[in-house]
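Below is one structure; the comments refer to it alone.
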Amino acid sequence: MSETGHGQGSGIDAALFRQAMGRTASGVTVVTTDGDAGRGGVTVSSLCSLSMEPPSVLFCLHKGSRILSTLMSNGVFAANILAHDQHRVADSFAGLIPELREDRFAVADWDALHTGAPVLRDALCRFDCKIASVFEFGTHHIIAGEVVALESFETKPLVYSNRAYHKLEVA
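Here full-length UniProt numbering is used: the first residue of the sequence shown is 1, the next is one more, and so on.
Written out as structure tokens, the structure is:
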């Protein structure tokens, strides 16, 4: 069954847009930072590659995010792509585990590569980045990072779709 919707301004119904985007599938990433401005992290589902030269990634972060000022001041981040069994890490950095809200990093073990941003031990992939550019669009900042170090491991990714975590299966 398909649904259509038109609303004010853009002509698209906001609830229908949110519903349609919720049906898409994406990998789950925890973006972390550490430096003079402090340590922090947040769960995102918007990480993607940007360029091969220079190697770079981008993600989107709401303008009201609690970590935005820390991230911008530090100028570095790690994009930790979660493995299929790391949904508790995603929940912790999404603020969904009350007992971990004061120290979200307590949920797992962490290392550092080049920039000092925390990289998750046993993640599917770990991209260590310095912020290269930031763009504003609508309610979000689009943050581009140049990858200065990375590690990738053989395991399956954690996938998010329809407000739930899934394991990727071969069709």
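No residue lacks a Cβ here, since even glycine has one placed at the ideal position from N, Cα and C.
Please report the Cβ distance between residue i and residue j, rounded to the nearest whole angstrom; I am assuming they are in contact, meaning their Cβ atoms lie under 8 Å.
i: Leu124; j: Leu168; result: Not really, about 10 Å apart at Cβ, beyond 8 Å.
i: Ile143; j: Ile131; result: 6 Å
i: Arg126; j: Asn80; result: 6 Å
i: Leu61; j: His166; result: About 23 Å separates the two Cβ atoms, so there is no contact after all.
Which residues bound the alpha helix (DSSP H) around residue i?
i: Ala20; result: Ala14 to Arg23
For residue i, tell me which candidate among the options has the shortest Cα-Cα distance.
i: Arg163; options: Arg104, Ala106, Gly22 and Val42; result: Gly22
i: Asn74; options: Val44, Thr43, Arg104 and Thr32; result: Thr32
i: Val159; options: Arg18, Ala15, Ser10 and Thr29; result: Thr29
i: Asp122; options: Phe153, Ser46, Phe59 and Asp36; result: Phe153
Would you tell me roughly how many angstroms separate the C-alpha atoms of residue i and residue j, rounded to the nearest one?
i: Leu120; j: Val89; result: 9 Å
i: His6; j: Asp13; result: For His6, the predicted structure reports a pLDDT of 47, less than 50, and the residue's modelled location is therefore unreliable. The matter cannot be settled from this model.
i: Trp110; j: Pro118; result: 6 Å
i: Asp128; j: Ala108; result: 18 Å
i: Gly145; j: Ser92; result: 23 Å
i: Ser65; j: Glu99; result: 20 Å
i: His114; j: Gly11; result: 45 Å
i: Val57; j: Arg18; result: 24 Å
i: Ile67; j: Val76; result: 12 Å
i: Ser2; j: Cys48; result: Only weak support is given to the placement of Ser2: the predicted model assigns it a pLDDT of 48, under 50, and the question is left unresolved by the model.
i: Gly95; j: Gln86; result: 15 Å
i: Phe105; j: Val134; result: 25 Å
Terminal residues of the continuous beta strand (DSSP E) containing residue i?
i: Asp91; result: Counting along the chain, Asp91 falls outside any beta strand (DSSP E), though it belongs to the alpha helix (DSSP H) covering His87 to Phe93.
i: Thr33; result: Thr29 to Thr33
i: Asn80; result: Val76 to Ile81
i: Pro55; result: Pro55 to His62
i: His140; result: His140 to Ser152
i: Ser133; result: Cys125 to Phe137
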